[in-house]
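See structure below.
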Amino acid sequence: MALRVYDTRSRTKRELIPLVEGQIGIYACGITPYSPSHIGHARQAIAFDIIVRWLRNRGFQVNYIANFTDIDDKIISVSSEEGVDFLEVANRNIEDYFEVMDALNVTRANEYPRVTETIPEIIEMVNSLIEKGHAYVANDGVYFEIDTAPEKYGQLTGQTLEMVREGAGGRVDETGSGKRDHRDFALWKAAKSGEPNWESPWGPGRPGWHIECSAMSLKHLGERFDIHGGGTDLMFPHHEAEIFQSECCLGHEPVVQYWLHNGMINVNGEKMSKSEGNFWTVSDALQQVDPLVLRYTLINAPYRQPVDFNTVMIDDSRLNHGRLLRAYSEGLSIAGSGDWSSNPALSGAAERFSSGMNDDFNTRVALVEVQSIVKELRQLIDTESDKSDVSAAVGWLAEFAGGVLGVLPTEEEALSITESEAAARSAISSDVEALLEERESARESKNWSRADEIRDELISMGVVVEDGSEGPTWRIE
RNA sequence: GCACGGGUGGCAGAGCAGCUAUGCAACGGACUGCAGAUCCGUGGACCCGGGUGCAAAUCCCGGCCCGUGCUCCA
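Take the working numbering: the final residue in the first sequence is number 478, and no numbers are missing along the way.
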């Protein structure tokens, strides 16, 4: 079954054919750590986490690189506001990033390169662009000259040189920048007084916004690599600038074989932004929702679609994820996790799951299969079916819901959920049983008011009674 | 304005030429003193107008509407 991915550059789904058979190099633009991570960052991290997990499930050896742009205007501005070193700001937010992404079950990338650790490579690349006539030195830094490769303009966004010329005409003069054309972009920014800076052939300064990703992807993945990812908001200008830099520097194209872009997060149908007051950091969100439920919510639509973050979506995910988790942990404690491949129904579900994932990583289609297996497992447990059937379904969920989608906790954690429930249950069991007995005799004598009274009493203890054909059962809410 | 995505049942959200998406909600039934849970079942949709096809939610053209981007951004 061919694995097809939507490539922004060609605007079509293309079969994923690695440069080196069996191996995939993937670079995804990470965060600029000037503030704690928000749920948009989480969506990006989860999207590429699942892409990597799926590629590995399919047997590819994946080298996944995610960067931190740990020096930029915003970091500098936060650092000067707080009067602390810029690295302190960056480090603090990188720590937050790892903390929340770990909670969200995001597998760590193979490497997390940082701009501040890649300065020599950046300088070398800028130097090479100057030597090749693609960049020029101005009074305030070094700029890439768009007119030296105009054919590369708009490769991801379809915009033409003329469009952007109209859109931003005249702005250059106002800034007093040394740019020759407003569409040129900075490769190296000369340091203003008090700013962090590094020595360079063009004086003390720091890298421009785009060059770091070209340098880091080159350093870690080489002159050509398979996948470059990031949010759609980075297509222009960031990723187009990367195309200019990398291709002009290396002298061949394409450097990146496939461009993958994840969609944005909206909140109640509106763009999430600080100014709208609807801004959610991951930590904020985790105050209200379990991390794996949040993850479930964020993969409820394919990664390219926008996700609307609203209470309906979250409640829905909470319900479905709760069912998944309960069925999985119960099944696990009853029968363990076994092999599913010889079970025709599970194999069929695996095939549908796979064809969904192979179609540009469609997690929504994948979740449908997960939900159907949950339903099936639920029935197997309730009817006390053959343990091998239960363990096969558990094994299926472990591989696909757990291993690929990452929405299950570890086996130990799952088992401890059922154990702690069992413990809580046995702690109050005798009290509950006594009340239930009393209630049953009340019911036998059709004393409904007394029966309901006892039921209310149990509810106040957090116990829900459900009368079935074989007498009452109860569970802890 | 230009570019790129979208517009599917009450809601969320798949499908992207022919076959029930799915989940939640609703309705009917089984069970039940009631409630709940569970099970079985039902109805209901493809923004508008043209076109191509035996066949279109799905392809093409035109329009309307929404989101995002247009050098801060995952």
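We treat Cβ as the ideally placed atom computed from N, Cα and C, and that holds for glycine. Predicted model, so just to flag it, every value in this text is computed and none were measured.
Environment of residue i [buried if 16+ CB atoms lie within 10 Å]
| i | result |
| --- | --- |
| G407 | buried |
| Q45 | buried |
| W449 | exposed |
| P208 | buried |
| Q258 | buried |
| I18 | exposed |
| I460 | exposed |
| V405 | buried |
| F99 | exposed |
| E458 | exposed |
| G171 | Per-residue confidence for G171 stands at a pLDDT of 43, beneath the threshold of 50, marking its modelled position as unreliable; the derived number appears in the next sentence. It is exposed - the Cβ of G171 has fewer than 16 other Cβ atoms within 10 Å. |
| L409 | buried |
| R510 | Past the boundaries of the shown model lies residue 510; the chain is included only from 2 to 478, so the question cannot be answered. |
| T13 | exposed |
| S80 | buried |
| L320 | exposed |
| G469 | exposed |
| R365 | exposed |
| E241 | buried |
| E454 | exposed |
| E213 | buried |
Collapsed DSSP secondary structure at residue i in the structure displayed
| i | result |
| --- | --- |
| Y28 | strand |
| K133 | coil |
| T33 | coil |
| D227 | strand |
| I477 | strand |
| F69 | strand |
| A350 | helix |
| P121 | helix |
| E467 | strand |
| D8 | strand |
| D432 | helix |
| L17 | coil |
| H211 | coil |
| K272 | strand |
| D234 | helix |
| A187 | strand |
| V79 | helix |
| R115 | strand |
| D453 | helix |
| T282 | strand |
| Q380 | helix |
| I244 | helix |
| N198 | coil |
Inter-residue Cα distance where the pair is residue i and residue j
| i | j | result |
| --- | --- | --- |
| V466 | S427 | 16 Å |
| L293 | E478 | 20 Å |
| V21 | S386 | 47 Å |
| F69 | I32 | 5 Å |
| W501 | D73 | In the structure as shown, the chain begins at 2 and stops at 478. Residue 501 is therefore absent and cannot be evaluated. |
| V391 | E422 | 20 Å |
| G204 | K193 | 11 Å |
| G159 | G60 | 35 Å |
| L219 | E122 | 9 Å |
| A394 | D317 | 23 Å |
| G334 | L347 | The residue asked about is misnamed: residue 334 is Ser in this sequence, not Gly. In a straight line, the C-alpha of S334 is about 20 Å away from that of L347. |
| H262 | R305 | 6 Å |
| S274 | F280 | 5 Å |
| P473 | Q372 | 28 Å |
| N140 | A104 | 46 Å |
| G463 | R456 | 11 Å |
| E414 | A402 | 15 Å |
| G396 | E471 | 31 Å |
| Y154 | E243 | 11 Å |
| V173 | N106 | Because the pLDDT at V173 is just 44, under 50, the model does not fix this residue reliably, and the value given afterwards should be weighed accordingly. Straight-line Cα distance between these residues: approximately 45 Å. |
| L325 | V375 | 6 Å |
| A302 | S78 | 36 Å |
Rounded Cβ spacing between residue i and residue j (contact assumed at less than 8 Å)
| i | j | result |
| --- | --- | --- |
| I76 | P37 | About 13 Å; that fails the 8 Å criterion. |
| V283 | I315 | So it is not a contact: roughly 14 Å between Cβ atoms. |
| I120 | W55 | Between W55 and I120 the Cβ distance is about 35 Å, and since that is not below 8 Å, they are no contact. |
| T419 | S330 | 5 Å |
Problem - the segment 284–302 touching the segment 108–126, judged by at least three CB pairs closer than 8 Å - result: Touching, no.
Handout entry: Three or more C-beta pairs below 8 Å linking the segment 300–315 and the segment 54–68
Key = Contact fails: fewer than three Cβ-Cβ distances are below 8 Å.
Practice task
Say whether the segment 268–282 touches the segment 374–384, bearing in mind that this needs 3 or more beta-carbon pairs closer than 8 Å, one atom from each stretch.
Solution key: Output reads no: the segment 374–384 does not touch the segment 268–282.
Exercise for the section: Pair every Cβ in the segment 186–194 with every Cβ in the segment 127–146, then say whether three or more of these pairs are closer than 8 Å. Expected result: Yes, they touch.
Problem - Stretch pair the segment 238–258 + the segment 125–142: three plus CB contacts closer than 8 Å - result: Enough Cβ pairs lie closer than 8 Å, so yes.
Exercise for the section: Check whether the segment 211–225 touches the segment 79–89, taking contact to mean three or more Cβ pairs, one atom from each stretch, closer than 8 Å. Expected result: Not touching, per the Cβ criterion.
Handout entry: Contact the segment 227–242 vs the segment 131–138: 3+ CB pairs below 8 Å
Key = No, because fewer than three Cβ pairs between the segment 227–242 and the segment 131–138 fall closer than 8 Å, the two stretches do not touch.
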